[in-house]
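Structure first, commentary second.
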Amino acid sequence: MSEILDLSFLSDMERDLILSVLQRDEELRKADEKRIRRLKNELLEIKRKGAKRGSQHYSDRTCARCQEGLGRLIPKNNTCVGCNHLVCRECRILESNGSLRLKVCAKEIELKKATGDWFYDQKVNRFAYRTGSEIIRMSLRRKPAGIEPG
Numbered sequence: 003m004s005e006i007l008d009l010s011f012l013s014d015m016e017r018d019l020i021l022s023v024l025q026r027d028e029e030l031r032k033a034d035e036k037r038i039r040r041l042k043n044e045l046l047e048i049k050r051k052g053a054k055r056g057s058q059h060y061s062d063r064t065c066a067r068c069q070e071g072l073g074r075l076i077p078k079n080n081t082c083v084g085c086n087h088l089v090c091r092e093c094r095i096l097e098s099n100g101s102l103r104l105k106v107c108a109k110e111i112e113l114k115k116a117t118g119d120w121f122y123d124q125k126v127n128r129f130a131y132r133t134g135s136e137i138i139r140m141s142l143r144r145k146p147a148g149i150e151p152g
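Number 66 in my numbering belongs to position 64 of the sequence shown; there are no gaps in the numbering.
Have a look at this one:
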């Protein structure tokens, strides 16, 4: 199956209109990618500043985010369902199902929902073809057969 479409039936004006729409689409995609990159970088910075690191020694009774002591009696439900680290009251949120999650872990999930990463992570693993706009752009740039440049 060829990825190039026969669009020779389009007039020059129609081709130009379609190309301008595709150009605007590309600009919007780039702006969205830039916004998403910024959000991801902010999240990574937050995570790097507060999360426990395997190379350093921490008490088993400290919050994974702020390193504050949690006291002698630590209920098992003080564990984040996302990363399994202990979490204090200031650094956690209570989910609707009653479980606890670090604010950073919750933010990461929010980011995946907002950006569609949960979908694209799976799509990359399953599909390796071009998008519709890429195929149309390639087809429009291809000169129709039998027409000489002039």
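Even for Gly, the Cβ is constructed at its ideal location relative to N, Cα and C. Remember, predicted model here, so these are calculated numbers, not experimental data.
For residue i, is the classification buried or exposed, using 16 other Cβ atoms within 10 angstroms of its Cβ as the cut-off for buried?
i, result
"Ser22", "exposed"
"Glu47", "exposed"
"Arg67", "buried"
"Glu16", "exposed"
"Glu70", "exposed"
One question on the structure: do residue i and residue j come within less than 7 Å of each other, judged by their Cβ atoms?
i, j, result
"Leu102", "Cys82", "yes"
"Cys107", "Gly84", "yes"
"Ser141", "Leu9", "yes"
"Ser135", "Leu24", "yes"
"Lys109", "Leu45", "yes"
Pick helix, strand or coil for residue i, following the three-state DSSP scheme.
i, result
"Arg91", "coil"
"Leu104", "strand"
"Thr133", "coil"
"Gly152", "Bear in mind that a pLDDT of 48 at Gly152, under 50, signals an unreliable position, so the number given afterwards is only what the model happens to contain. Three-state result, Gly152: coil."
"Leu9", "coil"
"Leu72", "coil"
So, under 8 Å CB-CB, residue i and residue j are touching, yes? Tell me the CB distance rounded to an integer number of Å.
i, j, result
"Ile138", "Leu7", "7 Å"
"Lys105", "Cys93", "6 Å"
Taking 6 Å as the cut-off, is the C-beta of residue i nearer than that to any heavy atom in the ligand GDP?
i, result
"Lys51", "As presented, the structure is devoid of all ligands, the ligand GDP included, so that no description of it is given."
Note to self: So within the segment 27 to 57, which uninterrupted beta strand (DSSP E) runs reach at least 3 residues, ignoring any that extend past its ends?
What the structure shows: none
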